[in-house]
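There are 2 protein chains.
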Amino acid sequence: MSLYAPWSLRALVRDLATGATTSRAALDRARARLDATEPELAAWVVTSTEPDLSSSAGALGGVPFGVKDIVDVAGLPTRCGSALRADAAPARADAPIVRAWRRAGAVVLGKTVTTEFAFFAPGPTHNPAAPGHTPGGSSSGSAAAVAAGHVPLAIGSQTAGSVTRPAAYCGVASLVLTHGRFPLDGVVGLSPSLDSHGVFAASAADLAVAWSALDGRGLDKAALDGSALDGAAAAPGRPPRVLFWSAEALGVVDGEMREALRSVRSRLADGGALVDDFPEERLVAEVTAAHPVVMAYEAARERAEERAVADRLSAPLAALLRAGERTTDAEYDEARRTVAAARIRIAELLSTYDVIVGPAAPGAAPEGLAATGDPALSRAWQACGLPAVAVPGLRAADGRPLGIQVVGPAHDEARLLAHGTWIENHLA
Amino acid sequence: MSLYAPWSLRALVRDLATGATTSRAALDRARARLDATEPELAAWVVTSTEPDLSSSAGALGGVPFGVKDIVDVAGLPTRCGSALRADAAPARADAPIVRAWRRAGAVVLGKTVTTEFAFFAPGPTHNPAAPGHTPGGSSSGSAAAVAAGHVPLAIGSQTAGSVTRPAAYCGVASLVLTHGRFPLDGVVGLSPSLDSHGVFAASAADLAVAWSALDGRGLDKAALDGSALDGAAAAPGRPPRVLFWSAEALGVVDGEMREALRSVRSRLADGGALVDDFPEERLVAEVTAAHPVVMAYEAARERAEERAVADRLSAPLAALLRAGERTTDAEYDEARRTVAAARIRIAELLSTYDVIVGPAAPGAAPEGLAATGDPALSRAWQACGLPAVAVPGLRAADGRPLGIQVVGPAHDEARLLAHGTWIENHLA
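Printed below as a string of structure tokens:
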């Protein structure tokens, strides 16, 4: 039995709407799939044996979803993949982002595996799309649970590349929300100026449906039946104007990804998209270098409590917090300045072009479970606080997924997802 | 002795740089001015008798500043203008925004009066520019301390109109930072999706100097000597392209302000600015109505602890928290949706125009100290998370200050301040 079998949110929502299925049957399906594959996958920290279906009215009524275990769900502990939190008390309230999905009718199936405090030390989760390879991190469990079809929707979070990278490695789609889109209360964060919410689904088209529900506009019928590009409010009604980012200046993109990018570029152009070279490769490299400075400095302060018991942390997290302590105010200032200037320049570019398209990760998922791969390709966009969509569909020669990402202007997730869906359709 | 005597930050920074004055002399001047007028003004909660001048290197080395008493300063309690906090322990660390000003060399003179938890119940502060009239709120003490020349710089915060309005009433300039520009840690907030940092100075030109120091670029020499418009990096080198917002759709602007706006409009046009009508009056009215819904809903959750002891709160704050409890999820969703759509539309407009210019308050400061005036003119921009500069210089017939505000695109405070300075110069 293949572990990789993403569950289409659109199909489920349609079936729930037409009565072809029920929320009870959807939950049974989730549990059956989970029982069959979770022992091998290890995507979950805890699942509800009997989630409450009574309040599952709304656009996503009855859609089961998973929540990364650094995000509060009322009544469940938030353990953050850390022994320090083994005895955490149940959270008193849902984080706002969880509340928002619940209000749209979705039903919490459980908490998913995170790396330790959403940094690098991995949990036990496997990659359903590339056995023996990392699922990526830090939102490992959410990406894997969606890739394995346990749930059609899962919540993650990203400070560096914690959503986009696992989506790419596991062959699913993700959306990183604009920084500040929802309050971060109830999220055990690393870096308040970088931490963002994220969400996983089988495809960008599924995310467009999910977002239209979260955004409260009610379901986008056009997105639901696949005609979004011709009619939906958020859809551009034309091929996107694309800045194509090769990321060569970062020096981390591998040969297979490079080849895949060439193919993406020509398919977009063939589809009628305007495709120009991204003109600020060097600036992005500078911001990519500035990002870890901001992250370490803020993490040392945000996680001061854990810093005080560094001997109970993994080596990478202890090193991050130590690095943050050693980071001088002047270095932090300089890094924030680099980011601030880049934000303005990228926003300028995105007032003329619709999206930036580039690699979501250096290549396919690296071998082994000991490390979660390199977040370098996300650092710059994350520092700029921009929303990003990981689009699946490409494969390396051995079948491992290769992801690309689509970055758009702040606060317009709906339009970004419409462009992402257009791109997804033109990769197929 | 007139209470109104703003202290030019530019002049002080120049004098400190040339050795015409020293940080010790600046502090003595602040204390002398404070001793002479504070009994009448009541702008401060606490002042340091002997602030540390030893670490006052940096672009603002030796510049004394005040901090609104909802923002943490290490070693001082954060009392939030509330009896509930009368015995608050000293804060363990500076809030990031305080740390940033200190790193630029500025020296904390003390904590300034805030309304109760930065909502409507006023403190004892008087308006130096309009005796017998409110200084506005919630950052009452910071605005008044700058207007009275106690300090050339003070920190505030804004959730609705808590920076822009007191600046306008007290005849000083203010900058509301882009939402999320600095982390909100160490700030006792009301509404995480609305709370922003703010800063007061005598003029927009002073704020441009202050910002260039905070931003870490080092002092902007061109801003310092007043030639910013011809040379500085952030300066546009041309008159701004202005969308002129009359705010008539809100129905609150009074006759004197309306007349002042006509004069502003013609002076901008005479100066060579492109001035077009703001085309989304109605949208702004909708967002203005949505803002209090978001604020109440979030405040009821953010201040849940205080909600539990509502009998110890002022009537307005207790009513806000009750309103937030009664606000349904659906109402909150609908309000956030309105805001989200407006953000996108306003950002579109601000990719073609440089700034939106309109009234900072309905008119001059209302009479009496029992209420702090109407924040309606700020709600929409605040909901959209945009930076805003209040520009002083206009007066009502009886001499009370009238303020206008200049709103720009997210994250480019430097350019906004350059445009604000251009506008300020053309009002004089």
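Keeping their order, the protein sequence lines are chains A and B. Residue numbers for the first sequence follow full-length UniProt numbering, so the first one is 1 and each next one is one higher. Residue numbers for the second sequence follow full-length UniProt numbering, so the first one is 1 and each next one is one higher. Think of the CB as a built atom: it goes at the ideal place given N, C-alpha and C, for glycine as much as any other residue. All values reported here derive from a predicted model rather than from experimental measurement.
Buried or exposed: residue i, going by 16 or more other Cβ atoms within 10 Å of its Cβ?
i	result
residue 230(A)	With a pLDDT of only 35 at residue 230(A), under the threshold of 50, the placement of this residue in the model should not be trusted, and no figure is reported.
residue 354(B)	buried
residue 399(B)	exposed
residue 298(B)	buried
residue 47(A)	buried
residue 307(B)	buried
residue 251(B)	exposed
residue 39(B)	exposed
residue 19(A)	exposed
residue 333(B)	buried
residue 266(B)	exposed
residue 424(A)	buried
residue 213(A)	buried
residue 232(A)	Note on residue 232(A): pLDDT 42, under 50, position unreliable in the model; no value is reported.
residue 352(B)	exposed
residue 301(B)	buried
residue 204(A)	buried
residue 71(B)	buried
How would you write the range of the beta strand (DSSP E) that residue i sits in, first residue to last?
i	result
residue 197(A)	196 to 201
residue 385(A)	That residue, residue 385(A), is in no beta strand (DSSP E); it is neither H nor E in DSSP.
residue 47(A)	44 to 47
residue 238(A)	Looking at the DSSP string, residue 238(A) is not in any beta strand (DSSP E), and its letter there is neither H nor E.
residue 112(B)	107 to 112
residue 208(A)	Careful: residue 208(A) lies outside any beta strand (DSSP E), inside the alpha helix (DSSP H) at 204 to 214.
residue 155(A)	154 to 158
residue 406(A)	401 to 407
residue 175(A)	173 to 176
residue 184(A)	That residue, residue 184(A), is in no beta strand (DSSP E); it is neither H nor E in DSSP.
residue 356(A)	355 to 359
CB-CB under 7 angstroms to residue i, same chain, minus the five flanking residues each way: which ones, in chain order?
i	result
residue 112(B)	43, 44, 45, 66, 67, 68, 69, 141, 142, 145 and 154
residue 215(B)	414
residue 239(B)	271, 272, 273 and 422
residue 320(B)	119, 296 and 299
residue 288(B)	250, 376, 379 and 380
residue 419(A)	236, 240, 354, 355, 406 and 408
residue 193(A)	294 and 298
residue 323(A)	296
residue 185(B)	95 and 96
residue 76(B)	46, 90, 91 and 111
residue 74(B)	91, 92, 93 and 94
Here's a check: name, in chain order, each residue in its chain whose Cβ is nearer than 6 angstroms to the Cβ of residue i, leaving out the five neighbours to either side.
i	result
residue 411(B)	178
residue 309(B)	none
residue 363(A)	254, 256 and 257
residue 207(A)	173, 175, 201 and 417
residue 4(A)	128, 129 and 147
residue 343(B)	384
residue 33(A)	149 and 150
Could you check where the alpha helix (DSSP H) with residue i kicks off and where it finishes?
i	result
residue 34(B)	23 to 41
residue 423(A)	413 to 427
residue 166(B)	164 to 170
residue 146(A)	140 to 147
residue 270(B)	255 to 270
residue 72(B)	It is not in any alpha helix (DSSP H) - residue 72(B) carries neither H nor E in the DSSP assignment.
Grab me the residues of residue i's own chain with a C-beta within less than 8 angstroms of its C-beta, minus the 5 sequence neighbours each way, in chain order.
i	result
residue 358(A)	244, 245, 246, 247, 261, 278, 377, 404, 405 and 407
residue 286(B)	338 and 342
residue 227(A)	Caution is warranted here: a pLDDT of 46 is assigned to residue 227(A), below 50, making its placement in the model unreliable, and the coordinate value is therefore given only provisionally. Nothing meets the Cβ criterion.
**OP:** Count the C-beta pairs between the stretch 76 to 91 of chain B and the stretch 111 to 122 of chain B that are closer than 8 angstroms, then say yes if the count reaches three, no if not.
**Re:** yes
Subject >> Residues, ordered as in the chain, of the stretch 318 to 333 of chain A that lie near chain B by beta-carbon distance below 7 angstroms >> reply: 329 and 333
Original post:
Taking contact to mean at least 3 C-beta pairs separated by less than 8 angstroms, is the stretch 50 to 65 of chain B in contact with the stretch 100 to 110 of chain B?
Top reply: By the criterion of at least three beta-carbon pairs nearer than 8 angstroms, the stretch 50 to 65 of chain B is in contact with the stretch 100 to 110 of chain B.
**OP:** Please determine if the stretch 384 to 399 of chain A and the stretch 158 to 177 of chain A are in contact, where contact requires at least 3 C-beta pairs separated by less than 8 angstroms.
**Re:** yes
**OP:** Anything in the stretch 173 to 193 of chain B with a Cβ closer than 8 angstroms to a Cβ of chain A? List those residues in chain order, please.
**Re:** 179, 180, 182, 183, 184, 185, 192 and 193
Original post:
Taking a cut of 7 angstroms between CB atoms, which residues from the stretch 95 to 116 of chain A lie near chain B?
Top reply: 103
**OP:** Check distances from the C-beta atoms of the stretch 350 to 370 of chain A to those of chain B and list, in chain order, the residues that come in under 8 angstroms.
**Re:** 351
Subject >> Members of the stretch 51 to 73 of chain A that neighbour chain B once the beta carbon cut-off is set at 8 angstroms >> reply: Residues of the stretch 51 to 73 of chain A that bring their beta carbon within less than 8 angstroms of a beta carbon in chain B are absent altogether.
Original post:
Taking any Cβ of chain B, which residues in the stretch 397 to 412 of chain A have a Cβ under 9 angstroms from it, in chain order?
Top reply: Legend: CB atoms of the stretch 397 to 412 of chain A lying less than 9 angstroms from CB atoms of chain B belong to residues 409, 410, 411 and 412.
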